[in-house]
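Colleague:
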Amino acid sequence: MTPARISGDSNRAVILLAAGEVVGLPTETVYGLAADGLNEDAVRRVFAIKGRPTGHPVILHVGSPADLHRYAERVPEAAERLARAFWPGPLTLVLKRSALVPDVVTGGLDTVGLRMPAHPLALHVLRRLGRPLAAPSANRFGKVSPTRAEHVQADLGGDIPFVLDGGPCEVGLESTIVDLSGERPRLRRPGKITIEDMWRDAGVAVEADDGVGPAVPGSLPTHYAPRAAVSLVAGPDLWPRARQEAQRVKLGVICQSEVPTDLPPSVLVERLGQTGADLARDLYAALRRLDDQGAELVLSVLPEAVGVGIAAIDRLERAAAPRD
Ligand code: TXA
Ligand code: MG
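Remember, the working numbering sits 49 above the position in the sequence shown when you count from 1.
1. Is any heavy atom in the ligand MG found nearer than 7 Å to the beta carbon of Pro166?
2. Starting from the C-beta of Ser147, find all residues in its chain whose C-beta is less than 7 Å away, skip the five residues before and the five after it, and write them out in chain order.
3. Starting from Ala171, follow the alpha helix (DSSP H) in both directions and report where the run begins and ends.
4. Going by C-alpha distance, which of Ala329, Ala354, Ser315 and Arg320 is nearest Gln342?
5. Any contact of the segment 95-109 with the segment 177-195, i.e. 3+ C-beta pairs under 8 Å?
6. Helix, strand or coil, according to DSSP, for Ala346 in the structure here?
7. Touching or not, the segment 219-235 and the segment 80-98, by the rule of three or more beta carbon pairs under 8 Å?
8. Taking 6 Å as the limit between beta carbons, can you name the residues of its chain near Ala274, skipping five residues before and five after?
9. State the beta-bridge partners of Lys145 as determined by DSSP.
10. Can we count Ser224 as close to the ligand TXA, meaning its CB is less than 7 Å from some heavy atom?
11. Could you tell me which residues DSSP puts in a beta bridge with Asp363?
12. Is the beta carbon of Ser306 within less than 7 Å of some heavy atom of the ligand TXA?
13. Using a 10 Å radius around the Cβ and a threshold of 16 neighbouring Cβ atoms, would you call Gln323 buried or exposed?
14. Buried or exposed: where does Ala257 fall if 16 or more other Cβ atoms within 10 Å of its Cβ makes it buried?
15. State the DSSP-derived secondary structure class of His40, mapped to helix, strand or coil.
16. If you draw a straight line from the alpha carbon of Lys299 to that of Pro309, how long is it in whole angstroms?
17. Going by beta carbon distance, what residues of the same chain come within less than 6 Å of Met247, once the five residues before and after it are set aside?
18. Grouping DSSP H, G and I as helix and E and B as strand, with all else coil, what is Arg61?
19. Are Leu348 and Ser280 closer than 8 Å when you measure CB to CB?
20. What are the start and end residues of the beta strand (DSSP E) that includes Glu294?
21. Going by beta carbon distance, what residues of the same chain come within less than 7 Å of Ala128, once the five residues before and after it are set aside?
22. Just the C-alpha distance for Pro166 and Asp311, rounded to the nearest angstrom, thanks.
23. How is Ala329 classed by DSSP in three states: helix, strand or coil?
24. Taking Cβ positions, are Ile362 and Leu351 nearer each other than 8 Å?
25. If you count every other CB in all the chains shown that lies within 10 Å of the CB of Ser186, and 16 or more means buried, which is it?
26. Identify, in the order they occur along the chain, each residue of the same chain with its Cβ nearer than 6 Å to the Cβ of Ser113, setting aside the five sequence neighbours on each side.
27. If you count every other CB in all the chains shown that lies within 10 Å of the CB of Val71, and 16 or more means buried, which is it?
28. My output table needs one value for Thr76: the three-state DSSP class, helix, strand or coil.
29. Mapping DSSP to helix, strand and coil, what is Glu256?
30. What are the start and end residues of the beta strand (DSSP E) that includes Leu300?
31. Rank Ala132, Ala278, Ala277 and Pro313 by C-alpha distance to the C-alpha of Pro289 and give the top, closest one.
Given below as C-alpha cells:
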C-alpha cells in the first residue's frame with residue numbers, strides 16, 4: 050500500500066471509515082487507530098495492523114452521551130453521573146455490553162469500554178459517520194502510544210490509507226478507565242481524570258485497582274516501554290547519576306528542571322516543563338525522540354503525584370519495569 054497521507058481533512062476520514070477502511074484519528078489523549086465499530090471486518094483489520102492479539106477488547110468511541118444506552122445493556126446511576134460530568138473527555142466507562150456491540154470489539158467479554166472523546170475532529174467524524182468507532186491507540190502492540198499524527202505515520206503509515214492530523218494531543222496519556230460492571234466502580238487505568246475528580250465533580254466513589262479483572266494490554270507491566278531501558282531517579286540524584294551513566298552508555302534524560310552547563314554534550318536532554326500536566330503531555334513524544342536518536346538508557350524524574358501526574362508516574366513505572 051502507498052504510504053498514508055496526513056491532513057486535517059476530516060471529511061476524507063469519514064468517507065474512508067464509511068467504506069470500511071482503517072484510519073489514524075486524533076483524540077485529546079492519544080491518537081487512535083479507528084474503524085467503524087459495527088463493521089466486524091474493519092475492526093478485525095485494526096487488530097491485524099496493530100499486531101494486537103484478538104481477545105483484547107478495544108474501546109468503542111461514541112459521539113453522544115445518549116449512546117451509553119445503545120451500547121450498554123445496563124447503565125448504572127454512577128455511569129450516568131460520570132458521563133454527565135466528564136464527557137466529552139478522557140474517561141472510559143466499562144459497562145455490560147448490549148447486543149449491538151460485535152464480539153470482536155469486546156474480545157468476547159460481556160462488557161464494553163465506552164468513551165466520548167473531546168477532540169473536535171474526532172467528534173466531527175463521529176457525528177458525520179453516525180456510527181461508533183472502535184479505536185485502540187495507534188501504535189504497534191507493546192509500543193509507546195502516539196501523540197502526534199507523525200507518530201502514527203512513522204509506526205503504521207505503510208498499512209493505512211490516511212492519518213487525520215489534529216495536532217499534538219492535549220493530554221498525552223491514555224484515558225482513565227473505570228469499570229462499572231461489578232458491584233462497585235473500580236479504577237482500571239489511571240489517566241487525567243483522577244479518583245478525586247470523580248468524587249468531587251460526580252459524587253462517585255471509585256476504588257483503586259485491585260489487579261483482578263481481565264488480563265488486557267495496558268495492564269501488562271511493560272506495555273508502555275520504549276526501546277531504550279528506563280530508570281527512574283529522584284530529582285537531586287539526577288545530574289550526578291547522568292554524569293556517571295554518560296561514560297557508559299548513550300544516555301537520554303527526561304527532566305523538569307534546568308540543565309547544568311557542564312553536562313557532557315553527548316547526553317540527549319528532554320526538558321518537559323514544570324507541571325505534571327506538562328510532563329504527561331510531552332512524555333511519549335520525548336521517549337520517541339530519545340529512541341529515534343539511539344538512546345540506550347533513559348533517566349527520568351517523576352512528576353508530583355497529583356492530577357494527571359499520577360497517571361504519568363504509572364506509565365513511567367511500567368516503562369521502567371523489568372522486561373523479559
Ligand atoms: O485514551 C484512550 O483510551 C485511547 C484513545 C485512542 O481513546 N485508547 C486506548 O486504547 O488507549 P487501547 O486499546 O490502547 O487501550 C484500551 C484499554 C485496553 O487495553 C483495555 O485495558 C481496556 O481499554 N478495555 C477496553 N475494553 C474493555 C473491557 N470491556 N473491559 C475491560 N477493559 C477494557
Ligand atoms: Mg494502547
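Just so you know, even glycine gets a beta-carbon here, dropped at the ideal spot from N, CA and C. The model shown is predicted, which means the values in this text are computed figures rather than measured ones.
Modeller: On the basis of the supplied data:
1. no
2. Arg119, Tyr120, Ala121 and Glu122
3. Pro169 to Leu178
4. Ser315
5. yes
6. It is worth fixing the name first, because residue 346 is Leu in this sequence and not Ala. DSSP places Leu346 in strand when its eight states are reduced to three.
7. no
8. Ala368
9. Thr160
10. yes
11. None; Asp363 has no bridge partner.
12. no
13. exposed
14. exposed
15. As displayed, the chain neither begins before 50 nor continues past 373, which places residue 40 out of reach and without an answer.
16. 18 Å
17. Val253 and Val255
18. helix
19. yes
20. First-last for Glu294: Leu287 to Ala295, but that is the alpha helix (DSSP H), not the beta strand (DSSP E).
21. Leu117, Leu142, Leu144 and Leu229
22. 44 Å
23. helix
24. yes
25. buried
26. none
27. buried
28. coil
29. strand
30. Leu300 to Cys304
31. Pro313
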